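This report refers to the structure that appears directly beneath it.
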Amino acid sequence: MSRDSDLLVDVRDLHVSFRGVPAVRGVSLQVSPGEVVALVGESGSGKSVTARALLGLAGGTVSGTSSGVDVRAARLRVAGVNVLADATRADGTVPDAASAGRRPGSHGNGDLGRSTGPAREREPSRLRRVLHGVTETRGAQLERRLRDLRGNRVGLVAQDPFAGLDPLRPVGREIADALRLHTGLDAGARRQRVVELLTRAGVPEPELRAGQRPGELSGGLRQRVLIAAAIAAEPDLLIADEPTTALDATVQAGILKLLASFADEGRGVLLISHDLAVVAQLANRILVMREGQVVEEGPATRVVSAPGHSYTRMLLDAVPAERPRRAAPEQPAPGVTVPGPDAVAPDSGEPAPGEPPLLRARDIHVSFRLPGGRRLQAVEGVSAELRRGSSLGIVGESGSGKSTFARVLLGLQRPDSGTMELAGEAWVPGPESRRRSRRRRIAAVPQDPFGALDPRWTVGKTLADAAGARSEVPALLRRVRLTEEIAARRPRNLSPGQRQRVAIARALAQRPELLIADEPLSSLDVSIQAQVLDLLDELRAELGLSLILVSHDLGVVRAVTDDVMVMRDGRIVEHGPTEEIFSHPGEPYTKALVAAAPRLRG
């Protein structure tokens with residue numbers, strides 16, 4: 000550990016609360032030059048709030064002192080700047096309640112929305128003014144220092160590139176704006192520097208990409224653009240908040256390698272993630288957070304190989320790549336019949352003589368017209384079969400055609416050519432009127448249940464509408480391991496894992512034989528991913544369901560599927576039993592995917 004004067008981040012006993020509700024409790028954190036430190040935990044653990052507090056942003060953009068944010072620390076220094084400034088004593092401790100602008104005896108800021116007298120209204124603490132974006136005269140100097148800190152000395156890489164980039168502006172202008180604010184470069188030099196930064200961030204054809212808008216770039220390229228903007232002023236510290244979430248394995252590996260290179264240059268990196276398998280590839284030290292507190296801290300190798308806290312062990316056990324493969328069920332659970340008006344029970348793995356597969360696609364081609372009259376071949380000559388009761392994973396990078404092929408299977412995308420049969424009967428192509436009577440046999444599980452569920456409807460109304468009867472709601476909730484009181488809630492009142500279970504229950508309401516799930520876990524914490532994977536396994540056992548799982552996450556696919564199909568540029572490059580493909584990949588592209596997948600051990 001470096002001397003205190005050398006630390007890029009030096010936090011002692013940090014507390015953050017919102018309207019009196021603690022979000023961060025007693026966190027201490029240090030980052031040295033050349034070091035990668037990871038904050039790991041589930042959603043709501045306080046890791047992102049901790050990172051925002053480092054930059055004086057814990058209060059968001061709410062102006063005034065009524066939002067109820069309270070930030071306290073024995074020390075909070077970032078890149079040499081005391082973020083708390085005059086809100087701390089010379090010894091680094093926080094003033095008492097009266098001198099900080101609170102009434103003596105007040106606990107937290109739960110009463111900030113109420114008037115407490117003229118003196119308090121005239122003189123809110125400087126810390127509160129900074130956190131709420133209020134630039135009063137006494138706080139102007141500190142605000143300038145914080146702006147300099149955020150742009151020049153600390154770079155921030157946000158989780159969602161779409162939220163961090165203007166969708167209407169070329170990405171090169173976004174980076175040029177950062178250069179204009181934080182450097183003395185003229186317009187010509189800024190243009191040249193934009194290309195250099197994009198090259199440094201690993202963006203191919205940087206001159207071309209600089210003129211493109213975010214919607215014209217892949218997820219990985221958008222994330223690299225954010226990194227290029229974050230390093231524009233050559234900061235000493237880079238804070239990366241979930242920088243690889245929902246990215247392909249190979250793209251994810253590239254981003255992690257890029258972040259590691261910054262540490263090799265002597266910069267500090269603070270990496271925030273819910274995924275221990277990701278941070279284990281990069282971090283020197285790991286801090287595990289739960290409910291606002293650090294429950295375990297230590298060298299990354301020790302935390303991963305010999306965790307000391309039960310919560311850390313739970314996070315490690317939940318990583319899909321580390322979970323043992325559960326055998327596919329041979330028969331439904333006793334007393335449970337296979338759903339569907341004409342469904343048959345799942346077999347022991349081999350179809351009955353003469354029985355057609357549940358799904359058969361032959362030579363599917365799909366293309367899309369691009370501006371200028373060109374056509375993009377999204378799916379090219381893809382064929383696949385799925386037996387009743389079995390599961391198929393479809394993997395590949397963004398743009399490989401896997402989601403387009405899934406839409407063809409669902410009957411939502413008309414192919415240019417090729418055919419598909421469902422239980423031996425024509426499914427695609429053909430008019431929707433011919434499919435309508437059999438559409439209930441295939442159901443989709445959405446990637447984003449929050450966007451797929453009507454926010455105005457309760458869970459009970461959603462499920463009753465799907466099932467055609469309110470009496471079916473309790474059984475559907477029990478089937479996905481939810482309590483009946485959930486029926487009265489709306490989507491916004493549910494956790495991400497609960498929303499995904501409701502989406503699965505809605506799919507089950509139509510008594511399908513086949514579930515098609517396109518990236519159903521990409522936005523969930525690893526522990527919630529594990530629960531949903533277990534649920535899908537259990538539903539296959541109980542109901543004899545077949546499953547097609549589309550995912551960029553090889554660990555997820557390996558955990559639950561019998562066979563896997565690897566796609567690249569619209570074509571199948573490899574297809575076979577899941578364990579065989581992952582253990583002994585035959586194609587160079589598959590080998591690259593498997594090698595890039597984050598793993599905790601080995």
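Each residue of the sequence shown is one higher than the one before, starting from 0 at the first, in numbering that gives the first Met the number 0.
Don't be surprised by glycine CBs; every beta carbon is placed ideally from N, CA and C.
Since this is a predicted model, take the numbers as computed values, not measurements.
Residue 583 burial status per 10 Å Cβ neighbour count (16 or more: buried): Under this definition residue 583 is an exposed residue.
Measure the beta-carbon distance from residue 255 to residue 281 and round it to whole angstroms, keeping in mind my assumption that it falls under 8 Å. With 8 Å as the limit, residue 255 and residue 281 qualify as a contact, their Cβ atoms being about 5 Å apart.
Going by DSSP, which residues form a beta bridge with residue 547? DSSP lists 391, 515 as partners of residue 547.
Can you list, in chain order, the residues of its chain with a C-beta nearer than 8 Å to that of residue 300? Leave out the 5 residues immediately preceding and following it. Beyond the five residues adjoining it in sequence on each side, residue 300 comes within less than 8 Å, by CB distance, of no other residue in the same chain.
With a threshold of 8 Å, are at least 3 pairs of Cβ atoms found where one atom belongs to the segment 485-494 and the other to the segment 511-526? Result no; under three Cβ-Cβ pairs closer than 8 Å.
Report the option in 34, 35, 39, 33 whose CA atom is closest to the CA atom of residue 26. Taking only the C-alpha atoms, the option nearest residue 26 is 39.
What are the start and end residues of each continuous alpha helix (DSSP H) run of 4 or more residues lying completely inside the segment 483-508, in chain order? Assignment of alpha helix (DSSP H) within the segment 483-508, counting only whole runs of 4 or more residues, yields 495-507 in chain order.
Excluding the 5 residues flanking residue 250 on each side, which residues of the same chain have their C-beta closer than 6 Å to its C-beta? Excluding sequence neighbours, residue 250 sits near 219.
Quick check: the segment 538-548 against the segment 567-583, are at least 3 beta-carbon pairs closer than 8 Å? Contact annotation: the segment 567-583 does not touch the segment 538-548, with fewer than three C-beta pairs closer than 8 Å.
If distances are taken between C-alpha atoms only, which option among 451, 560, 305 comes closest to residue 581? Taking only the C-alpha atoms, the option nearest residue 581 is 560.
Are the CB atoms of residue 156 and residue 239 within a distance shorter than 9 Å? A contact, by the Cβ cut-off of 9 Å.
So, with DSSP's three-state summary, where would you put residue 233? DSSP, read as helix, strand or coil, puts residue 233 in coil.
For residue 287 and residue 592, believed in contact at Cβ under 8 Å, the rounded distance: At roughly 29 Å, the Cβ-Cβ gap does not stay under 8 Å, so residue 592 and residue 287 are not in contact.
Taking the C-alpha atoms as reference points, what is the distance between residue 216 and residue 507? Going by the C-alpha atoms only, they are around 36 Å apart.
Assigned secondary structure, residue 396 (DSSP; H/G/I helix, E/B strand, else coil): If DSSP states are grouped into helix, strand and coil, residue 396 belongs with coil.
I'd like to confirm the pairing. Which residues does DSSP put opposite residue 376 in its beta bridges? Note: residue 376 sits in a beta bridge opposite 366.
Check residue 522 in the structure and name its three-state DSSP category. Collapsing the DSSP output to three states places residue 522 in coil.
Going by other Cβ atoms of all chains shown within 10 Å of its Cβ, with 16 needed for buried, is residue 528 buried or exposed? The residue in question, residue 528, is buried, as its Cβ has 16 or more Cβ neighbours within 10 Å.
Counting beta carbon pairs with one atom in the segment 465-479 and one in the segment 421-434, are three or more of them shorter than 8 Å? Output reads no: the segment 465-479 does not touch the segment 421-434.
Apply the 10 Å Cβ neighbour rule to residue 454 and answer buried if 16 or more other Cβ atoms are within range, or exposed otherwise. Classification of residue 454: exposed, given that the 10 Å Cβ count is below 16.
Using the three-state DSSP reduction, which class does residue 283 fall into: helix, strand or coil? Looking at residue 283 - three-state DSSP - the assignment turns out to be coil, as it is neither helix nor strand.
Three-state secondary structure (DSSP) at residue 176? Note: residue 176 maps to helix in three-state DSSP.
Per DSSP, what are the beta-bridge partners of residue 29 in this structure? Answer is 9.
Does the segment 396-406 come within contact of the segment 471-486, defined as at least 3 CB pairs closer than 8 Å? The segment 396-406, when compared against the segment 471-486, does not touch it at the 8 Å Cβ threshold.
Beta carbon of residue 173, beta carbon of residue 252: below 9 Å? No; because the gap between Cβ atoms is not below 9 Å, this pair is not in contact.
Which residue comes first and which comes last in the alpha helix (DSSP H) that contains residue 164? Residue 164 -> no alpha helix (DSSP H), and no H or E assigned at all.
Which residue from 209, 550, 272 puts its Cα closest to that of residue 164? Ranking 209, 550, 272 by Cα distance to residue 164 puts 209 first.
Check whether the segment 178-191 touches the segment 355-371, counting contact only when three or more Cβ pairs, one atom from each stretch, lie closer than 8 Å. With the rule of 3 Cβ pairs closer than 8 Å, the segment 178-191 does not count as touching the segment 355-371.
For residue 171, does the three-state DSSP call read helix, strand or coil? Reduced to three states, the DSSP call for residue 171 is helix.
I need the DSSP call for residue 562, collapsed to helix, strand or coil. Shown here, residue 562 sits in a strand according to DSSP, grouped into three states.
What is the C-beta distance between residue 389 and residue 377, in whole angstroms, given that I count them as a contact (C-beta under 8 Å)? For a cut-off of 8 Å, the C-beta gap from residue 389 to residue 377 is around 26 Å, too long to register as a contact.
Neighbour-count burial assignment, residue 596, 16 or more Cβ in a 10 Å radius: Buried, by the Cβ-count rule.
Ignore the nearest five residues each way along the sequence and tell me which others in residue 524's own chain have a CB closer than 7 Å to its CB. Result list for residue 524: 41, 42, 273, in chain order.
Would you give the residue range spanned by the beta strand (DSSP E) that residue 69 belongs to? Taken as a continuous stretch (DSSP letters only), the beta strand (DSSP E) holding residue 69 covers 68-71.
Tell me whether residue 166 is buried or exposed, calling it buried when 16 or more other Cβ atoms sit within 10 Å of its Cβ. So residue 166 ends up on the exposed side.
Please return the same chain residues whose Cβ sits closer than 8 Å to the Cβ of residue 461, not counting the five positions on each side in sequence. For residue 461, same chain residues with a beta-carbon under 8 Å away, outside a window of 5 residues either side, are 452, 453, 501, 505 in chain order.
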